[in-house]
Amino acid sequence: MLTVSIYRYNPEIDQEPYMQDFEFDAQGKDLMVLDVLEKLKVEDPTLVFRRSCREGVCGSDGVNISGKNGLACITPISDAVRGNKLVIRPLPGLPVIRDLVIDMAQFYAQYEKIQPYMINDSAPPKIERLQSPEERSKLDGLYECILCACCSTACPSFWWNPEKFIGPSGLLQAYRFLADSRDTGTEERLSNLDDPFSVFRCHGIMNCVQVCPKGLNPTKAIGHIRKMLISSPA
Amino acid sequence: MANLRTMSFDAVIVGGGGSGMRAALQLAQSGYNTAVITKVFPTRSHTVSAQGGITCAIASDDPDDQWQWHMYDTIKGSDYIGDQEAIEYMCQTGPEAVFELEHMGLPFSRTKEGRIYQRPFGGQSKDYGAGGQAARTCAAADRTGHALLHTLYQGNLKNKTVFLTEWFAVDIVQNEDKAVVGVVAINIETGESVYVKSKATVFATGGAGRIYASTTNAHICTGDGIGMALRAGFPVQDIEMWQFHPTGIHGAGTLVTEGCRGEGGYLINKDGERFMERYAPNAKDLAGRDVVARSMVLEILEGRGCGPEGDHVYLKLDHLGEEALNAKLPGILELSRTFAHADPVKVPIPVVPTCHYMMGGIPTNVDGQALTIDREGNDEVIEGLYSCGEAACVSVHGANRLGGNSLLDLVVFGRASGIFIEKKLKEGIDLKEATQDDIDRAMVVLNKINSSTEGENSAKLRGELQTIMQNYFGVFRRGDFMEQGVAKLDELRPRIQNVFLADKSLAFNTARIEALELQNLFETAYATAIAAAGRTESRGAHAREDFQERDDDNWLCHSIYFPGSKEIGKRSVNFSLKTREPFEPKVRTY
Numbered sequence: 000m001l002t003v004s005i006y007r008y009n010p011e012i013d014q015e016p017y018m019q020d021f022e023f024d025a026q027g028k029d030l031m032v033l034d035v036l037e038k039l040k041v042e043d044p045t046l047v048f049r050r051s052c053r054e055g056v057c058g059s060d061g062v063n064i065s066g067k068n069g070l071a072c073i074t075p076i077s078d079a080v081r082g083n084k085l086v087i088r089p090l091p092g093l094p095v096i097r098d099l100v101i102d103m104a105q106f107y108a109q110y111e112k113i114q115p116y117m118i119n120d121s122a123p124p125k126i127e128r129l130q131s132p133e134e135r136s137k138l139d140g141l142y143e144c145i146l147c148a149c150c151s152t153a154c155p156s157f158w159w160n161p162e163k164f165i166g167p168s169g170l171l172q173a174y175r176f177l178a179d180s181r182d183t184g185t186e187e188r189l190s191n192l193d194d195p196f197s198v199f200r201c202h203g204i205m206n207c208v209q210v211c212p213k214g215l216n217p218t219k220a221i222g223h224i225r226k227m228l229i230s231s232p233a
Numbered sequence: 000m001a002n003l004r005t006m007s008f009d010a011v012i013v014g015g016g017g018s019g020m021r022a023a024l025q026l027a028q029s030g031y032n033t034a035v036i037t038k039v040f041p042t043r044s045h046t047v048s049a050q051g052g053i054t055c056a057i058a059s060d061d062p063d064d065q066w067q068w069h070m071y072d073t074i075k076g077s078d079y080i081g082d083q084e085a086i087e088y089m090c091q092t093g094p095e096a097v098f099e100l101e102h103m104g105l106p107f108s109r110t111k112e113g114r115i116y117q118r119p120f121g122g123q124s125k126d127y128g129a130g131g132q133a134a135r136t137c138a139a140a141d142r143t144g145h146a147l148l149h150t151l152y153q154g155n156l157k158n159k160t161v162f163l164t165e166w167f168a169v170d171i172v173q174n175e176d177k178a179v180v181g182v183v184a185i186n187i188e189t190g191e192s193v194y195v196k197s198k199a200t201v202f203a204t205g206g207a208g209r210i211y212a213s214t215t216n217a218h219i220c221t222g223d224g225i226g227m228a229l230r231a232g233f234p235v236q237d238i239e240m241w242q243f244h245p246t247g248i249h250g251a252g253t254l255v256t257e258g259c260r261g262e263g264g265y266l267i268n269k270d271g272e273r274f275m276e277r278y279a280p281n282a283k284d285l286a287g288r289d290v291v292a293r294s295m296v297l298e299i300l301e302g303r304g305c306g307p308e309g310d311h312v313y314l315k316l317d318h319l320g321e322e323a324l325n326a327k328l329p330g331i332l333e334l335s336r337t338f339a340h341a342d343p344v345k346v347p348i349p350v351v352p353t354c355h356y357m358m359g360g361i362p363t364n365v366d367g368q369a370l371t372i373d374r375e376g377n378d379e380v381i382e383g384l385y386s387c388g389e390a391a392c393v394s395v396h397g398a399n400r401l402g403g404n405s406l407l408d409l410v411v412f413g414r415a416s417g418i419f420i421e422k423k424l425k426e427g428i429d430l431k432e433a434t435q436d437d438i439d440r441a442m443v444v445l446n447k448i449n450s451s452t453e454g455e456n457s458a459k460l461r462g463e464l465q466t467i468m469q470n471y472f473g474v475f476r477r478g479d480f481m482e483q484g485v486a487k488l489d490e491l492r493p494r495i496q497n498v499f500l501a502d503k504s505l506a507f508n509t510a511r512i513e514a515l516e517l518q519n520l521f522e523t524a525y526a527t528a529i530a531a532a533g534r535t536e537s538r539g540a541h542a543r544e545d546f547q548e549r550d551d552d553n554w555l556c557h558s559i560y561f562p563g564s565k566e567i568g569k570r571s572v573n574f575s576l577k578t579r580e581p582f583e584p585k586v587r588t589y
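Just so you know, the sequences run in chain order Z and L.
Mapping to numbering that gives the first Met the number 0: the first sequence position 154 is 153, numbers consecutive.
Mapping to numbering that gives the first Met the number 0: the second sequence position 571 is 570, numbers consecutive.
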């Protein structure tokens with residue numbers, strides 16, 4: 000039997016959050032953490048968490064699993080159980096709505112700040128805008144972000160300044176557009192980021208890189224943005 | 000009844016996936032006050048899981064490619080019950096709709112010439128089947144759905160669409176003329192119910208693969224639009240037609256794109272034989288999905304399956320080389336390593352046909368207007384209600400969808416619905432106000448769940464439902480089995496209607512949402528069962544052991560399921576093309 004310890008908080012009932020232990024029999028299978036949550040919810044329907052695709056592409060089920068942020072659906076219990084115990088908590092640093100569900104408004108607000116859409120006001124051609132495979136390859140490692148918030152909620156700089164520091168996820172997306180040969184908004188984008196907080200609060204701690212379930216590297220993208228900011232005519 | 004708060008919009012789109020966001024974008028760009036009700040944050044919608052691409056004759060791979068060839072393939076693929084007028088519209092309008100996505104920033108993979116990369120997919124041909132395999136599926140590596148969905152969300156942010164995120168639509172509000180004037184929806188975070196009033200209500204609620212125990216579909220694919228339409232008394236079309244994707248990962252059900260076979264992968268049985276050469280000598284592994292799925296099941300039933308139970312086959316990719324796999328199918332490598340514990344660079348992936356796509360849905364015309372059928376059997380527009388994407392049956396997929404056509408469908412018809420509603424709004428829409436009674440009627444199901452004092456657990460009931468559908472309405476179907484299945488569903492109906500919600504709390508109560516989703520799953524499953532038992536032939540994805548041949552004399556038509564009588568009727572297939580003579584039904588071989 001496995002002990003699954005889960006963060007519980009129902010704002011209508013609980014004065015404060017608490018950890019609840021469940022005994023769970025995985026029947027020798029290396030289930031995903033999400034499978035464990037689903038099975039526990041059958042027995043206790045009050046347990047609340049987000050989930051959708053269950054294959055690591057939608058980004059719904061970012062949670063803190065035995066101390067590390069990750070997606071429940073692609074984290075096997077064999078990677079997460081310590082001393083026969085699995086500890087599941089909400090992603091840290093943002094307000095909790097209920098149990099494992101956090102309020103992501105601040106995270107999305109930072110995403111919206113970076114103008115996460117193509118800027119190109121020239122009249123489009125009748126077909127697609129051409130882009131060479133080399134130009135396109137610059138977007139690899141950037142466009143795959145699933146907005147799960149595992150990185151930003153693992154970032155001490157984001158914990159300190161969630162209103163002012165864009166955070167690793169938003170900055171990765173900022174660079175996704177800066178790096179796109181079809182985008183003409185470089186100047187506007189850089190001037191929006193050119194303040195002491197938006198980018199420069201990153202201290203290269205690299206928690207983001209360590210936890211990204213898609214294997215992306217926000218720190219590297221932030222480095223590129225820094226370079227562009229420093230070398231761009233002020 | 001207590002009065003609900005009312006929110007008013009020009010247009011309300013229920014569903015934040017590809018088709019819903021494409022419709023919303025169209026309307027928001029034109030300055031209409033547009034809201035999207037979405038039960039998950041938009042980029043968590045199931046469109047995100049689409050992998051291989053969006054099929055469209057943009058003439059990149061082959062400069063001589065023609066949309067007419069794509070139209071031919073789609074009609075043949077549909078086993079001739081796709082509406083030809085709708086297929087013509089989709090294939091002809093497709094390139095424009097795809098180029099718009101590219102202009103919005105969709106990061107397509109590229110050819111040396113800098114154009115959009117296209118890969119071969121099943122059922123694709125040049126020159127109306129005479130010119131061999133075509134490569135017509137536009138791809139962003141094997142993450143095309145993700146790239147498309149994020150691009151559409153970004154476009155909507157730019158155009159200030161209102162998102163009612165993590166809101167769940169409960170039921171349709173109809174006025175005294177039976178016109179649709181919005182929905183009642185729950186704000187999941189607060190538990191508040193709101194009347195969301197609208198001049199145009201678009202159901203872009205996606206599929207319902209979760210009616211089956213084994214599916215590639217996300218947890219959220221629960222047929223909410225189908226359930227709401229049926230409860231409002233509206234019919235659904237061709238709902239017996241469910242696509243089983245040949246390559247779901249054995250055990251986990253997660254999708255492995257057809258693009259794997261497009262890039263040169265192939266299926267083998269336990270003897271290592273490339274068995275599709277026997278079933279489809281020309282197209283082989285790129286025959287229609289229905290054909291490949293059935294061939295796989297036959298291999299397994301005849302004892303040539305793989306693994307200790309002999310219950311799956313293998314998809315072989317290692318011969319393509321690590322470099323090509325990393326470049327073209329990186330997501331598949333990730334999925335296979337995670338869910339099959341198999342590294343495709345070295346070993347084949349264990350796969351099995353898995354429920355994937357609902358070809359049927361709410362019948363609509365090419366403008367997205369939802370239809371019902373009057374007493375004389377004629378189409379009748381349902382005022383105020385529209386549908387697009389997987390929830391709709393326009394019908395471009397007929398009895399079998401071609402790979403890559405779902406993304407095209409949702410973009411083209413999301414767009415078309417938006418364009419038509421825009422026109423209607425300009426002309427002026429004048430629908431009668433809903434009365435308090437009208438709104439109360441949309442609260443009946445929710446009120447029943449909220450006041451339940453006893454009954455069964457919704458997750459357990461859902462499990463029973465999924466097992467029945469899996470066992471009695473799968474890849475191969477038989478009349479006497481299906482009768483038993485329908486009887487089991489009849490027994491299940493009152494138990495599901497009396498589901499027990501023990502936790503009545505308001506804040507983010509997902510148990511309440513799951514109890515409501517269960518009602519929608521059940522309605523969709525029941526309609527599927529009746530329509531499947533009623534169609535006494537084999538066509539496309541609907542394969543019957545007791546009626547093995549296609550029966551064009553009796554069934555070259557849509558089935559229509561009426562929720563009131565719980566019976567099926569027939570509706571004619573559209574055979575009128577604008578640009579040429581229609582394609583007459585032929586025997587379908589690959």
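Glycine included, each C-beta is placed from N, C-alpha and C at the ideal position.
Just so it is clear, the structure is predicted and the values come from calculations on it, not from any experiment.
In this structure, the beta-carbon distance from residue 287(L) to residue 589(L) falls below 8 Å.
With respect to the C-alpha of residue 73(Z), the residue from 43(Z), 127(Z), 50(Z) having the closest C-alpha is 50(Z).
Exclusion of the five residues before and after residue 9(Z) leaves 97 as the residues of its chain whose Cβ lies within less than 6 Å of its Cβ. The C-alpha of residue 215(L) lies about 29 Å from the C-alpha of residue 92(L). Ranked by Cα distance from residue 495(L), the options 161(L), 460(L), 371(L) are led by 460(L). Counting C-beta pairs closer than 8 Å gives three or more between the region 107 to 115 of chain L and the region 113 to 129 of chain Z, which meets the contact rule. By the rule that beta-carbons nearer than 8 Å mark a contact, residue 58(Z) touches chain L. Following the DSSP letters along the chain, one finds residue 190(Z) in no beta strand (DSSP E) but inside the alpha helix (DSSP H) bounded by residues 185 to 192.
About 4 Å separates the CB atoms of residue 481(L) and residue 532(L); that is less than 8 Å, so the two are in contact. At a cut-off of 8 Å between beta carbons, residue 253(L) contacts chain Z.
A contact is defined here as three or more CB-CB pairs under 8 Å, and the region 368 to 381 of chain L fails this definition with respect to the region 64 to 76 of chain L.
Residue nearest to residue 223(L) within the set 235(L), 206(L), 562(L) is 206(L) (criterion: CA-CA distance). By the criterion of at least three beta-carbon pairs nearer than 8 Å, the region 239 to 254 of chain L is not in contact with the region 507 to 514 of chain L. Secondary structure in the region 533 to 585 of chain L: the alpha helix (DSSP H) runs of 4 residues or longer, each lying completely within the stretch, are 551 to 554 in chain order. Taking the beta carbon of residue 48(L) as reference, the chain Z residues within 8 Å of it are 52, 54, 56, 57, listed in sequence order. If one requires a minimum length of 3 residues, the beta strand (DSSP E) runs lying completely within the region 252 to 323 of chain L are 265 to 267, 312 to 315, in chain order. With respect to the 8 Å criterion, residue 335(L) and residue 329(L) are not classified as neighbours on the basis of their beta carbons.
Buried is the label assigned to residue 488(L), since at least 16 other Cβ atoms lie within 10 Å of its Cβ. Between the C-alpha atoms of residue 371(L) and residue 227(L) there is a straight-line separation of about 14 Å. Residue 259(L) has its alpha-carbon roughly 54 Å from the corresponding atom of residue 434(L). Taking a Cβ-Cβ threshold of 9 Å, the residues of chain L close to residue 41(Z) are 456, 458, 459, 462, in chain order. In this structure, residue 47(L) sits away from residue 163(L), with a CB-CB distance that is not shorter than 8 Å. At least 8 Å separates the beta-carbon of residue 58(Z) from that of residue 549(L). For residue 183(L), the closest C-alpha among the options 565(L), 351(L), 150(L), 444(L) is that of 444(L). DSSP lists 236(L) as the beta-bridge partner residues of residue 360(L). Per the C-alpha coordinates, the member of 124(L), 391(L), 232(L) positioned closest to residue 172(L) is 232(L). Going by C-alpha positions, residue 45(L) is about 7 Å away from residue 16(L).
For residue 9(Z), at least one C-beta of chain L is nearer than 8 Å to its own C-beta. A straight line joining the alpha-carbon of residue 584(L) with that of residue 128(L) spans about 14 Å. With respect to residue 530(L), residue 485(L) sits apart: the two C-beta atoms are not nearer than 8 Å. For the region 151 to 164 of chain L, the set of residues with a beta-carbon nearer than 8 Å to any beta-carbon of chain Z comprises 153, 154, 156, 157, in chain order. Interface residue (Cβ-Cβ distance to chain Z less than 8 Å): residue 504(L) is classified as such.
For residue 23(Z), the closest of 17(Z), 34(Z), 227(Z), 16(Z) by C-alpha to C-alpha distance is 34(Z). As DSSP reads the structure, residue 392(L) sits in a beta bridge with 362(L). Contact between residue 230(L) and residue 176(L) fails: their C-beta atoms lie close to 18 Å from each other, not under 8 Å. For residue 39(L), the neighbours in chain Z by C-beta distance under 7 Å run, in chain order, 51, 59.
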